[in-house]
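What follows is a set of notes on a single structure, which appears directly below.
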Ligand code: BGC
C-alpha cells in the first residue's frame with residue numbers, strides 16, 4: 060500500500076479547516092431541511108391550491124428532479140469555477156428558492172421554485188463533501204467530511220420540528236421561507252473561506268495553493284503535499300473519456316455502485332413515508348405516527364455522531380459492512396412482522412424497533428460513508444465530474460424509489476417490499492466486501508496511487 064502520511068502535515072485540523080467544514084455543512088443542513096420540510100408543508104399547500112393527487116406528487120417530487128439537474132450541471136462548474144465558487148452560487152440559489160417558494164402565488168410558481176431549491180440541493184450534496192475532503196488533513200478527513208451527513212440528518216429533524224410547530228397556524232410559507240437563514244449563512248460564509256488548494260494547483264495557481272495549505276496545515280513546510288498534488292496532476296488529463304479509462308473505471312464502479320445501493324436499500328421510504336409505515340403497522344393516530352417519525356430522525360442524527368467518532372479510527376469498510384448487515388437484518392424482521400397474521404399490537408412495536416435499527420444501521424455506514432468515499436476515491440482532474448455522476452445516479456435512484464414505493468406495496472405486499480430492499484442489501488454487502496477499498500488515513504494522492512498500482516503493467 061502507498062506511503063504513510065506526509066511529515067509536513069500538522070495533525071489537528073486548525074481554525075480554517077473547522078470553519079470550512081462548518082460553513083459548507085450548512086449546505087448539508089439545507090439538503091436535509093428542504094427535503095424534509097415538504098412532508099408537513101404539503102398538507103397545507105394541498106388545501107391552498109386545491110391540488111389533486113397528481114399535482115401533489117409533482118410538488119413533492121419537483122425537488123428531486125431539480126437535484127438530478129443540479130448534480131448534472133454542478134460537476135462541470137466545480138471543475139471550472141472552483142469548489143468555493145460553486146458553494147457560494149448554491150447558497151444564493153437556496154436563498155432565492157426559499158424566498159420564492161414562500162411567496163408563491165400559484166402552484167406552477169411553487170413547483171418551478173422547488174425545482175430551483177432542488178438544483179441547489181443537487182449541487183451542494185456533492186460539492187460540500189468535495190470541498191472539505193480537499194482541504195482537510197488526511198487523518199481527520201473522515202469525520203470532517205461526515206459533518207455534512209450530520210448536517211443532513213439534523214436538517215431533516217429540524218424540518219420535522221418546524222413543520223410541527225407551524226402546522227397549528229398552517230404557516231406553510233414560513234416552513235419554506237425559514238431556509239433562507241442558513242442559505243444566507245452559506246453564501247456569506249463562503250465569501251470568507253479559501254478555495255481548495257487542490258483545485259488551485261490544477262489551475263496552476265501554485266502560490267495561492269501554497270499559502271492556503273500553509274494556513275490550513277499550520278506549518279510553512281507544505282512542499283511535500285504540493286509535490287504529491289503536482290505529481291497526481293501530471294498523471295492524468297482530466298478529459299471526460301478518462302472517466303471510463305482503465306485508471307478511473309474501478310473507482311467509477313465503486314462510486315456508482317454505492318450511489319445505487321444507498322438508495323435501493325430503501326432509506327428514503329422511511330425518511331419520506333415513516334408516518335405511512337407506522338400507520339400500516341397499526342398506529343392509526345397521526346400524532347403517534349409523527350412522534351415516532353421524529354424519533355426515527357433523532358436516531359439517524361445520533362448514530363451519525365457515532366459513525367463520525369469511528370470513521371477515522373476503525374475505517375470506512377468495517378462501518379459499511381456492519382451497517383449493511385444491520386440493515387438487511389432489520390428489513391428481514393420488518394418483513395416478518397408484516398407477514399405474520401393477527402399480531403397487530405406486536406407488529407406495531409416490532410415495526411418501530413426494526414425501523415429504528417434499520418435507520419441506525421444506515422446512519423453508521425452507508426449514509427455518511429457513501430458521500431465520504433465519492434469525495435476520496437477519484438483522481439483530482441476528474442474528481443468534480445466523477446462525483447457529480449455518482450450524485451446524479453444517487454438522486455435518480457432516490458426519485459425512482461420514491462415513485463415506486465407505494466406501487467410496490469400494492470404489487471408485492473408489505474413483507475415482499477421490505478424483503479426486496481433487504482435482498483438488494485445483501486447484494487450491497489458483497490459489493491462492498493469485494494470492491495470497496497479502505498481509505499482511512501491516506502492522503503487523496505495516496506488513494507490515487509492505490510488505483511494506479513492496480514493497473515495491469517504494460518509489457
Ligand atoms: C442520503 C439521503 C437520505 C439521508 C438520510 C443521505 O446520505 O443521500 O438520500 O435522505 O442520507 O439521512
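Numbering (the working numbering), first residue to last: 60 to 518. Where a beta carbon is used, it is the ideal one built from N, C-alpha and C, also for glycine.
Using a Cβ-Cβ distance cut-off of 8 Å, determine whether residue i contacts chain D.
| i | result |
| --- | --- |
| residue 304 | Going by chain labels, chain D is absent from the structure shown, which holds only one protein chain. |
Helix, strand or coil for residue i per DSSP?
| i | result |
| --- | --- |
| residue 593 | No answer is possible for residue 593: it lies beyond the span of the chain, which begins at 60 and ends at 518. |
| residue 495 | coil |
| residue 28 | No answer is possible for residue 28: it lies beyond the span of the chain, which begins at 60 and ends at 518. |
| residue 335 | helix |
| residue 253 | coil |
| residue 43 | As shown, the chain starts at 60 and ends at 518. That puts residue 43 outside it, with no answer to give. |
| residue 262 | coil |
| residue 219 | helix |
| residue 240 | helix |
| residue 230 | coil |
| residue 278 | coil |
| residue 340 | coil |
| residue 211 | helix |
| residue 96 | coil |
Measure the C-alpha to C-alpha separation of residue i and residue j and round it to an integer number of angstroms.
| i | j | result |
| --- | --- | --- |
| residue 457 | residue 379 | 19 Å |
| residue 298 | residue 438 | 12 Å |
| residue 450 | residue 148 | 18 Å |
| residue 387 | residue 222 | 31 Å |
| residue 420 | residue 191 | 24 Å |
| residue 404 | residue 398 | 14 Å |
| residue 361 | residue 267 | 38 Å |
| residue 344 | residue 225 | 19 Å |
| residue 140 | residue 442 | 14 Å |
| residue 179 | residue 410 | 34 Å |
| residue 461 | residue 119 | 10 Å |
| residue 358 | residue 408 | 16 Å |
| residue 212 | residue 514 | 38 Å |
| residue 342 | residue 473 | 15 Å |
| residue 284 | residue 276 | 10 Å |
| residue 423 | residue 490 | 18 Å |
Among the residues of its own chain, which have a CB less than 8 Å from the CB of residue i, if the five just before and after it don't count?
| i | result |
| --- | --- |
| residue 375 | 201, 428, 431, 432, 495, 497, 498 and 499 |
| residue 292 | 260, 261, 439 and 440 |
| residue 353 | 216, 219, 220 and 223 |
Spatial neighbours of residue i within its chain, please: C-beta separation below 7 Å, excluding the five flanking residues on both sides.
| i | result |
| --- | --- |
| residue 355 | 329, 333, 414, 415 and 418 |
| residue 154 | 239, 242, 243 and 246 |
| residue 78 | 252 |
| residue 172 | 156, 159, 160 and 163 |
| residue 468 | 476 |
| residue 117 | 170 |
| residue 510 | 306, 309 and 310 |
| residue 123 | 177, 454, 457, 458 and 461 |
| residue 506 | 435, 436 and 498 |
Would you mind reading off the limits of the alpha helix (DSSP H) that contains residue i?
| i | result |
| --- | --- |
| residue 289 | 282-294 |
| residue 136 | 112-139 |
| residue 543 | As displayed, the chain neither begins before 60 nor continues past 518, which places residue 543 out of reach and without an answer. |
| residue 71 | Per DSSP, residue 71 belongs to no alpha helix (DSSP H) and is neither H nor E. |
| residue 322 | 308-323 |
| residue 190 | 166-194 |
Residues in its own chain within less than 6 Å of residue i by CB, not counting five upstream and five downstream?
| i | result |
| --- | --- |
| residue 188 | 204, 207, 430 and 434 |
| residue 504 | 287 and 291 |
| residue 121 | 170, 173 and 174 |
| residue 391 | 481 |
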